[in-house]
Amino acid sequence: MSRSATTGSCRLSVEQVSSGYGGTTIVQDVSLDVPGGALTILVGPNGCGKSTLLKTMARVLPTSRGRILLDGRPVHETPTREVARRLALLPQGPVAPEGLRVRELVAQGRYPHQSLMRQWSREDARAVEQAMEAADVAQFADRPVSDLSGGQRQRCWIAMVLAQETDIILLDEPTTFLDLKVQVELLQLLRRIAHEEGRTLVIVLHELNVAAAFADLLVMMKGGRLVAQGPVGTAFTSEALRQVFGLEANVVPDPVSGRPVCVPVVSAGFALAAQ
Amino acid sequence: MTTGVLPRHRSLVWAGPAAGIALLLLAFGWHISVGAKTIPLPTVAEALVAYDSSVFDHVVIVDLRLPRAVFAVLVGAALSVAGALMQGVTRNPLAEPGLLGLLIGASFAVVIVVGVFDLASPALMPLVAALGALVAAVAVWGIATAAPGGATPLTLVLAGAAVTAFLGALVTVANLLDEQTFEELRVWLTGSLAGRRIEVMWWALPWLASGLAVALATARQVTALAMGEETAVGLGMNVGRLKALVLFAVIALTASAVAIAGPMGFVGLVVPHAVRLFVGQDYRLVVPWSAIAGAGYLLLVDIAARMALAPVEISTGLVTALLGAPIFVWLVRARL
Ligand SMILES: Nc1ncnc2c1ncn2[C@@H]1O[C@H](COP(=O)(O)OP(=O)(O)OP(=O)(O)O)[C@@H](O)[C@H]1O
Ligand SMILES: [Mg+2]
Chain A
1 MSRSATTGSC RLSVEQVSSG YGGTTIVQDV SLDVPGGALT ILVGPNGCGK
51 STLLKTMARV LPTSRGRILL DGRPVHETPT REVARRLALL PQGPVAPEGL
101 RVRELVAQGR YPHQSLMRQW SREDARAVEQ AMEAADVAQF ADRPVSDLSG
151 GQRQRCWIAM VLAQETDIIL LDEPTTFLDL KVQVELLQLL RRIAHEEGRT
201 LVIVLHELNV AAAFADLLVM MKGGRLVAQG PVGTAFTSEA LRQVFGLEAN
251 VVPDPVSGRP VCVPVVSAGF ALAAQ
Chain B
1 MTTGVLPRHR SLVWAGPAAG IALLLLAFGW HISVGAKTIP LPTVAEALVA
51 YDSSVFDHVV IVDLRLPRAV FAVLVGAALS VAGALMQGVT RNPLAEPGLL
101 GLLIGASFAV VIVVGVFDLA SPALMPLVAA LGALVAAVAV WGIATAAPGG
151 ATPLTLVLAG AAVTAFLGAL VTVANLLDEQ TFEELRVWLT GSLAGRRIEV
201 MWWALPWLAS GLAVALATAR QVTALAMGEE TAVGLGMNVG RLKALVLFAV
251 IALTASAVAI AGPMGFVGLV VPHAVRLFVG QDYRLVVPWS AIAGAGYLLL
301 VDIAARMALA PVEISTGLVT ALLGAPIFVW LVRARL
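As they're listed, the protein sequences go chains A and B.
Quick note: the first sequence uses UniProt numbering, first residue 1, plus one each step.
Quick note: the second sequence uses UniProt numbering, first residue 1, plus one each step.
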């Protein structure tokens, strides 16, 4: 599997997609070319349809209009196991069955590479160990997932997705429950995976400054539609933040990296009270 | 599982199952030796390996006691595996053929066909039981889904209780209307291994075998499905097909158990939970171990049922309920 060959080109594209649950449409007419070998970060207020879009991209939900192309072929028409060898999904807030051990959880990621005939191989064992190293959960390997802290648990699920060894990885809020330092470490890991191994990542995040610090492509969503997309420099503006989140904030460049940072405007009354 | 996971402990990988099967064989022999007259284990082994029809004990063992032990093994394994699958796929620790109404559905169907239509053909028995179990399962699922909050573990159990009470009442009514035919069914309806249902067993075997085969083949996916549907789809599973296969396995296993021994409550609840304490949550281990442990459990329960108040014999199904109900209460307190 040659990963670097695909860097830069787009392997996953969303073409005028609408989708939702039952009769209600949530995501409306979204088009997006996900750049290969890069970190695409999706932000937007609660309930705007980020998870719905991600699930549709991962063929968990059907499209009601439009299509998703994976390497030029509609995902919803590709054999699901074949998709799973190329695209992995970490759903939002997954729950492990009581008592399942970390190693067993991570090993589930190998499912698409196995079959009745080929149950468990050295290759699987290597991938599981490597994924646990990368996500820094190797020291918990034999503990039940339900005994770990929220942040440790989150890293176990990331390890499971890494063990799947796909070129494309979709992560729905992988950093909830993590403290800021661990969030940054995790994103550094994900950025390394994208830039050095040429893998394609789409990540839903809530922490705006973390998103701005790491995104190669920033996508903003509101009310089921894409409002802005582009490199951080052009997409992350105070105008966009006001429009998408209704947030009054100054966007200033970070003195060291030059990346934009948002500082919420605190009303004068509060500012005085604080003094 | 081949090399890779546990290259250094390879001998241990086989030690567990070997010990389990040895214990099961021991329970099997003990079960046969116990009865109105205790027959020593060596004679039991001799009768099974080198049968001699001129020895009275051999005839007793092979004609009377062996079938009952075989029934216990089959029914215990079938109900335990069915329970394990139901708990995994519905992510519901309380799921079990009895609590979710499948046992009463299967029994009701058999009662109607045998008692009302007088069709006692052994070949039909598993099929009728399967249809009854399926209809009851769908009814319970439908009621629970319509309840506020949807199909949660508790609404499912409540719907199961309602369906069980309703069908149970109908069975009693049918019973009153035709006491003659029901004489034999009455014991069967309490969950009994004493019936001479060898014919039925032969017809139930293909159902049981195919249910078990599907259970073993899907075990790996059940583990992933227990982690949620979205995760399972993301891993490349065909969740719809998987659920249909598991439903088939559950229905086939439940139906074969009911056809042989009537409704035997709580076996499918107690055994898989006990098994998980030892082997964890990986269904590639939970399913085969539930089969072995379930067979052993029902053998032991049946020994107790015959010895506790000897010479009076308690119905095996009553003992499984007596043992299972407290464990059910404990599970509700610990896991919900
Ligand atoms: N399973 C579901 N069935 C029906 N409606 C749903 C379902 N899941 C989400 N919705 C609805 O779809 C809308 C978008 O939900 P979605 O989960 O995509 O939001 P989100 O952007 O991921 O929000 P958050 O930041 O809170 O995770 C919400 O209004 C929600 O109520
Ligand atoms: Mg979400």
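C-beta atoms are modelled at their ideal positions from N, C-alpha and C, and glycine is treated no differently.
These numbers come from a predicted model, not from an experiment.
Pair within 7 Å by beta-carbon distance, residue i and residue j
i, j, result
"CYS156(A)", "VAL102(A)", "yes"
"ALA162(B)", "THR155(B)", "no"
"LEU39(A)", "LEU171(A)", "no"
"LEU217(A)", "PRO35(A)", "yes"
"MET220(A)", "VAL30(A)", "no"
"LEU162(A)", "ALA131(A)", "yes"
"LEU24(B)", "ILE260(B)", "no"
"THR166(A)", "ARG86(A)", "yes"
"VAL250(B)", "ALA45(B)", "no"
"VAL128(B)", "VAL113(B)", "yes"
"GLY132(B)", "GLY150(B)", "no"
"ARG259(A)", "ALA212(A)", "yes"
"GLY236(B)", "PRO112(A)", "yes"
"LEU100(A)", "GLN281(B)", "yes"
"VAL246(B)", "LEU85(B)", "yes"
"LEU272(B)", "SER80(B)", "Correcting the residue type first, residue 272(B) is Pro in the shown sequence and not Leu. Yes, the pair counts as a contact, with Cβ atoms nearer than the cut-off."
Residue from the options whose Cα sits closest to the Cα of residue i
i, options, result
"ARG110(A)", "LYS55(A), ALA84(A) and ILE68(A)", "ALA84(A)"
"PRO94(A)", "LEU218(A), GLY150(A), GLU82(A) and ALA125(A)", "GLY150(A)"
"GLU15(A)", "THR234(A), ILE68(A), GLN119(A) and VAL265(A)", "ILE68(A)"
"LEU189(B)", "VAL258(B), LEU158(B), ALA249(B) and LYS243(B)", "VAL258(B)"
"ALA215(B)", "GLN180(B), HIS273(B), ASN92(B) and GLN87(B)", "GLN87(B)"
"GLY76(B)", "LEU185(B), GLN180(B) and ALA27(B)", "ALA27(B)"
"LEU318(B)", "VAL62(B), ALA82(B), VAL301(B) and ALA310(B)", "VAL301(B)"
"residue 338(B)", "VAL332(B), SER315(B), ALA321(B) and ALA305(B)", "A query on residue 338(B) cannot be resolved here, the shown segment of chain B reaching from 1 to 336 and no further."
"CYS262(A)", "PRO255(A), SER238(A) and VAL256(A)", "SER238(A)"
"ARG242(A)", "SER9(A), GLN28(A), VAL232(A) and PRO45(A)", "PRO45(A)"
"VAL73(B)", "LEU85(B), LEU103(B), TRP14(B) and SER290(B)", "SER290(B)"
"ALA18(B)", "HIS273(B), PRO288(B) and GLU313(B)", "PRO288(B)"
"ALA226(B)", "PRO97(A), GLY223(A) and PHE177(A)", "PRO97(A)"
"VAL70(B)", "ALA36(B), VAL279(B), GLY29(B) and PHE182(B)", "GLY29(B)"
"VAL110(B)", "VAL59(B), VAL138(B), PHE182(B) and GLY160(B)", "PHE182(B)"
"ILE61(B)", "ALA78(B), SER80(B) and ALA36(B)", "ALA36(B)"
"VAL252(A)", "PHE245(A), HIS195(A) and VAL265(A)", "VAL265(A)"
Closer than 6 Å: residue i CB and nearest ligand 2 heavy atom
i, result
"SER51(A)", "yes"
"GLN92(A)", "yes"
Any non-hydrogen atom of ligand 1 closer than 6 Å to residue i Cβ
i, result
"ILE26(A)", "yes"
"GLN105(B)", "Checking the sequence shown, residue 105(B) turns out to be Gly, not Gln. No."
"GLY99(A)", "no"
"GLY47(A)", "yes"
"TYR297(B)", "no"
"TYR111(A)", "no"
"residue 364(A)", "With chain A covering 1 to 275 only, the question about residue 364(A) has no answer from this structure."
Test: residue i CB closer than 7 Å to a CB of chain E
i, result
"ALA38(A)", "Looking at the structure shown, chain E is missing, and the protein chains on hand are A and B."
Any non-hydrogen atom of ligand 4 closer than 6 Å to residue i Cβ
i, result
"THR231(B)", "As presented, the structure is devoid of ligand 4, carrying ligand 1 and ligand 2 as its sole ligands."
Go through the region 153 to 193 of chain B residue by residue and report every complete run of the alpha helix (DSSP H) that reaches 4 residues or more, in order.
153 to 177 and 179 to 189
Mind listing, in chain order, the continuous alpha helix (DSSP H) runs of no fewer than 4 residues lying wholly within the region 18 to 58 of chain B?
41 to 49
Pick out the complete alpha helix (DSSP H) segments inside the region 28 to 64 of chain A, 4 residues or longer, and give them in chain order.
50 to 57
Using 8 Å as the threshold, is the region 227 to 243 of chain B in touch with the region 25 to 43 of chain B, meaning 3 or more CB pairs across them?
no
At a cut of 8 Å, does the region 265 to 277 of chain B reach the region 90 to 110 of chain B through at least three beta carbon pairs?
Contact between the region 265 to 277 of chain B and the region 90 to 110 of chain B is present: three or more C-beta pairs spanning the two stretches fall below 8 Å.
Give a yes or no on contact between the region 248 to 263 of chain B and the region 208 to 219 of chain B, applying the rule of three or more CB pairs nearer than 8 Å.
yes
Taking one C-beta from the region 176 to 188 of chain A and one from the region 137 to 154 of chain A each time, how about it: are there three or more such pairs within less than 8 Å?
yes
Is there contact between the region 104 to 120 of chain B and the region 319 to 328 of chain B, where contact requires at least three CB pairs shorter than 8 Å?
no
In chain order, which continuous runs of the beta strand (DSSP E) of length 3 or greater are located wholly inside the region 252 to 309 of chain B?
You should have found no qualifying run.
Mind listing, in chain order, the continuous beta strand (DSSP E) runs of no fewer than 3 residues lying wholly within the region 133 to 179 of chain A?
168 to 172
Tell me whether the region 74 to 81 of chain A and the region 194 to 212 of chain A touch, counting them as touching only if at least three CB pairs, one residue from each stretch, are closer than 8 Å.
Contact fails: fewer than three Cβ-Cβ distances are below 8 Å.
Beta strand (DSSP E) runs contained entirely in the region 205 to 239 of chain A, provided each spans 3 or more residues
217 to 222 and 225 to 230
Please specify which runs of the beta strand (DSSP E), each continuous and at least 3 residues long, are wholly inside the region 106 to 156 of chain B, giving them in chain order.
none
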